[in-house]
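Colleague: Please read through the structure below; I'll follow up with questions.
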Amino acid sequence: MPWVELRTLLTIFIMLLVPGWAILSVTNLWRRFEAIERWILAVGLSIAFYPSLYYLTRAIVPSLRIGQNKLIVLLGLLFAFTAWTLRKNWREQFKFGKYAAPFLFILALTLLTRFWLAHNYPYPAWTDSLHHMLITDLVATTGKLPFDLQPYAPTTLDQYHLGLYALTGCLQLLADIPAHQALLWMAQALNGLCGLGVFLFLSKRVSPLAGLAGMAVVGLFSFQPALYFSWGRFTQVSSQTIMLIAAFATWEAIRAWKVDGKENRIPALALTGVSGLLIAGVFLLHFRAAAFLLPLLVIICIYEFATAIFAKKHAIKTMVGIIAIAIVGLVIILPALIPAMEFYVGQRSTPVESVETETSEGLTENQYFTNYNADSLYAIGAKKWLIGLTLLGMLVGLLRKNRVVILMMIAWILALFGIGLLYRLNIPLLAFTNMTGMMIMLYLPIGVIVGVLAEDLWQLFSLEKHENWRTGLQWAVLFLAVVAAIYRLGEVEGFRQFMTPADEKAMDWIEKNTPKEAVFAVHTYYWLPDSPHGSDAGYFIPYYAKRKTTTSTMIASLGPGYEEVMTESEAVMSLYSASPDIGALCELGVDYLYDGAKNPFDGSQFNITAIQQAEGVEIIYQAGGVSIYKLCD
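For my numbering, count along the sequence shown from 1 and bump the result up by 1152.
What follows is the structure, given as structure tokens:
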């Protein structure tokens, strides 16, 4: 592995541990948890730390620029503080217990599958990756979260979650790597850590064995979230990484308020701050993911409050704890929540037509809300065998002593499906997501349920008493984990990989040999009737060559200038016909045409023969399968 990649991994390791351990040490909360639980909490808190820091500093000190030197000093001070605070207890932080070996094996194997893909496919895939790279670069170069996408596009970012870019922008600065590498490696690290929350949740509430099984399901046996790599779903995976860690911390905080006496309120207050930070982190990393977390938090709060009512004690303390956690989380997210809600409500204040209305293209008025069925679940959520195991886990869990966790997960899944179907009410304010967003995160409750099933079967068959069976089963599971890892390595959707080295070379030529104000026509695909995006490497010209394209980015509709994008993209469609309208493109200010090394994923092709015959068109670059044409004099 090249030195740059090793340096990047070391930087990620430092970034995702130092702030969290500083928080655990200053609050003394590390004493409340087992060693593995502390490290997981440290990772979760570190992930939530950067978005919260950047959003709060932007709101409180908007002129502050967080550059490389400030980051190095900050992390250095946090590390020094932690080392000093734990100087007498540092050995305790490495006493992981008997489950350390399988835990580290599953974690290392999962991370290996993610980092190997980042090594073999060095360009972020699919269409969302364009604005991910642009915003990462903006954060690194300006030292703050941007309010818009300038100078790349006039898109406003009030409604868009920017938390991920606090992480990727910091990595770009600290590791001294380009934005696309920082995005890819940080996103893959977060993807590989998605099982930590499942382990933490189950280890405390069921057993470490259940935690290991759930962690293996999420990281290795389920194709989600590994497939996010091909989809560019990096903001979602970052939020989902800490989702169950936030739920766990919230549950612990509520119990601390309920159980700890008045003379020992410090742990409860510290847990309140920690859980509020984690909940805020989920929101700042992905707004809709926070809406997916909310039902689980409500379920936990209802359960704890109901048990307090039935026990006829601690009900008031429980409610106080719940309110305190909500207030802390709300305060941290206010800098992002207020502008996002104003933009969202303003955008959706006018009624929309039914999503079933047909358009001239034969598509629904908004195919974002597509009809789904069981096959959709198997294709993007989980395979049939895993769904079957989940259903079995529900049944067995309800019949045994782990029914509380199972009931919570069942209620959460039902709530998630309900959220995914809100669009059917035809109320614009409630139509904030679709079933895809919900289905692709089902791996989290599935991991919990299958983990509980593993513990139930272990106890049901008394495997602890049969050493030979126990040992054989453990080795079999480890073998299956390796097999599953091999499947994850091969599960890459190549058609979503647009960029090639030849394209990067061509874009370097563009940056050096074309005017800065040049506009490029690129292969275009409409994923919705009003949402064009590029379909080959030309889509990434704004990042790699610093030039505008006719499609802009996937978030262009969030701000001004989108009408221009729609007009230019419609004009580009003539380039597929027998009579390409070059004149119309020139009138719109489009100067060049880019035809990438890989054929567009949808199979469509520019009519190059007809384009070359048009007056004034000349080829100015051709190498490695890439062709660039000058369209206008």
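Cβ coordinates follow ideal geometry from the N, Cα and C atoms, glycine included.
Can you check DSSP and say which residues form a bridge with PHE1381?
Modeller: According to DSSP, PHE1381 bridges with nothing at all.
Colleague: For TRP1278, which of helix, strand or coil comes out of DSSP?
Modeller: In the displayed model, TRP1278 falls within coil according to three-state DSSP, outside both helix and strand.
Colleague: Do you know how far the Cα of PRO1752 is from the Cα of TYR1678?
Modeller: 13 Å
Colleague: Could you pull out every unbroken beta strand (DSSP E) segment of at least 3 residues lying fully inside the region 1637-1716, listed in chain order?
Modeller: 1671-1673, 1676-1680 and 1683-1686
Colleague: Within its chain, find whatever has a CB closer than 6 Å to the CB of TYR1317; leave out the 5 residues flanking it on each side and keep chain order.
Modeller: Closer than 6 Å at Cβ, skipping near neighbours: ILE1287, THR1288 and VAL1291.
Colleague: Is TYR1746 helix, strand or coil when you go by DSSP?
Modeller: Three-state result, TYR1746: strand.
Colleague: Measure the alpha-carbon distance for ARG1159 versus LEU1551 and round it to whole angstroms.
Modeller: Approximately 50 Å between the Cα atoms of the pair.
Colleague: Out of THR1262, ALA1405 and ARG1184, point me to the one whose CA is closest to LEU1430's CA.
Modeller: ALA1405
Colleague: If you draw a straight line from the C-alpha of LEU1482 to the C-alpha of ARG1640, how long is it?
Modeller: 38 Å
Colleague: For VAL1369, report the span of its beta strand (DSSP E) as first-last.
Modeller: From DSSP, VAL1369 is part of no beta strand (DSSP E); its letter is neither H nor E.
Colleague: Going by C-alpha to C-alpha distance, which of PHE1650, LEU1740, ALA1492 and PHE1257 sits closest to ASP1310?
Modeller: ALA1492
Colleague: Here's the rule I'm using: 16 or more other beta-carbon atoms within 10 Å means buried, otherwise exposed. How should ILE1461 be labelled?
Modeller: exposed
Colleague: Who are GLN1774's beta bridge partners in DSSP?
Modeller: Partner(s): SER1779.
Colleague: Looking at the structure shown, is ASP1300 part of a helix, part of a strand, or coil, going by DSSP?
Modeller: strand
Colleague: By a C-beta neighbour count over all protein chains shown, 10 Å radius and 16 as the cutoff for buried, is LEU1436 buried or exposed?
Modeller: buried
Colleague: Would LEU1261 and ALA1633 be called neighbours here (beta carbons separated by less than 8 Å)?
Modeller: yes
Colleague: For the alpha helix (DSSP H) holding HIS1271, just list the boundary residues, first then last.
Modeller: 1252-1272
Colleague: Leaving out the 5 sequence neighbours to the left and right, which residues in its chain are closer than 8 Å to ALA1736 when beta-carbon positions are compared?
Modeller: Spatial neighbours of ALA1736 in its own chain (CB-CB distance under 8 Å, excluding positions within 5 residues in sequence) are listed in chain order as ALA1723 and SER1726.
Colleague: Could you check where the alpha helix (DSSP H) with MET1725 kicks off and where it finishes?
Modeller: Premise fails: MET1725 is in no alpha helix (DSSP H) and is neither H nor E.
Colleague: Distance check for ILE1474 and CYS1453, CA to CA, integer angstroms please.
Modeller: 7 Å
Colleague: Among TYR1275, HIS1283 and GLU1186, which residue has its Cα nearest to the Cα of ILE1707?
Modeller: Looking only at TYR1275, HIS1283 and GLU1186, the smallest Cα-Cα distance to ILE1707 is reached by HIS1283.
Colleague: Taking DSSP's pairing of strands, which residues face THR1470 in a bridge?
Modeller: DSSP output for THR1470 lists no bridge partner at all.
Colleague: Assign GLY1545 to buried or exposed, taking buried as 16 or more other Cβ atoms, counted over all protein chains shown, within 10 Å of its Cβ.
Modeller: buried
Colleague: Write down every uninterrupted run of the alpha helix (DSSP H) in the region 1530-1560 whose length is 4 residues or greater and which is fully enclosed by it, in chain order.
Modeller: 1536-1551
Colleague: Closest to LEU1229 by C-alpha separation, out of GLU1189, ILE1258, ALA1174 and ALA1277, would be which residue?
Modeller: The candidate whose alpha carbon is nearest that of LEU1229 is ALA1174.
Colleague: Short check: CB of THR1652 to CB of VAL1674, under 8 Å?
Modeller: Judged by beta-carbon spacing, VAL1674 lies beyond the 8 Å limit of THR1652, meaning their Cβ atoms are not closer than that value.
Colleague: Output yes or no for whether 8 Å exceeds the beta carbon distance between LEU1193 and LEU1205.
Modeller: Taking a C-beta distance under 8 Å as the contact criterion, LEU1193 and LEU1205 do not qualify as a contact pair.
Colleague: Who does THR1308 pair with in a DSSP beta bridge?
Modeller: ASP1300
Colleague: Under the three-state reduction of DSSP, which class applies to LEU1354: helix, strand or coil?
Modeller: helix
Colleague: For ILE1185, which of helix, strand or coil comes out of DSSP?
Modeller: The sequence given here has Phe at residue 1185, not Ile. The three-state secondary structure of PHE1185, taken from DSSP, is coil.
Colleague: Which first and last residues belong to the alpha helix (DSSP H) in which ASN1221 is found?
Modeller: 1220-1237
Colleague: Could you say which of ALA1583, GLY1347 and LEU1297 lies nearest to ILE1212 if we only look at CA atoms?
Modeller: LEU1297
Colleague: Mapping DSSP to helix, strand and coil, what is HIS1438?
Modeller: Here HIS1438 sits in coil by DSSP.
Colleague: With a threshold of 8 Å, are at least 3 pairs of Cβ atoms found where one atom belongs to the region 1433-1451 and the other to the region 1374-1391?
Modeller: Three or more Cβ pairs drawn from the region 1433-1451 and the region 1374-1391 lie within less than 8 Å of each other, which places the two stretches in contact.
Colleague: Please state the DSSP three-state secondary structure of ARG1407.
Modeller: Residue state, collapsed to three classes: helix.
Colleague: Just mark THR1509 as buried or exposed, buried being the case when its beta carbon has 16 or more other beta carbons within 10 Å.
Modeller: Low confidence applies here, because THR1509 scores a pLDDT of 35, under 50, leaving its location unreliable; read the following figure in that light. When all chains shown are included, THR1509 counts as exposed.
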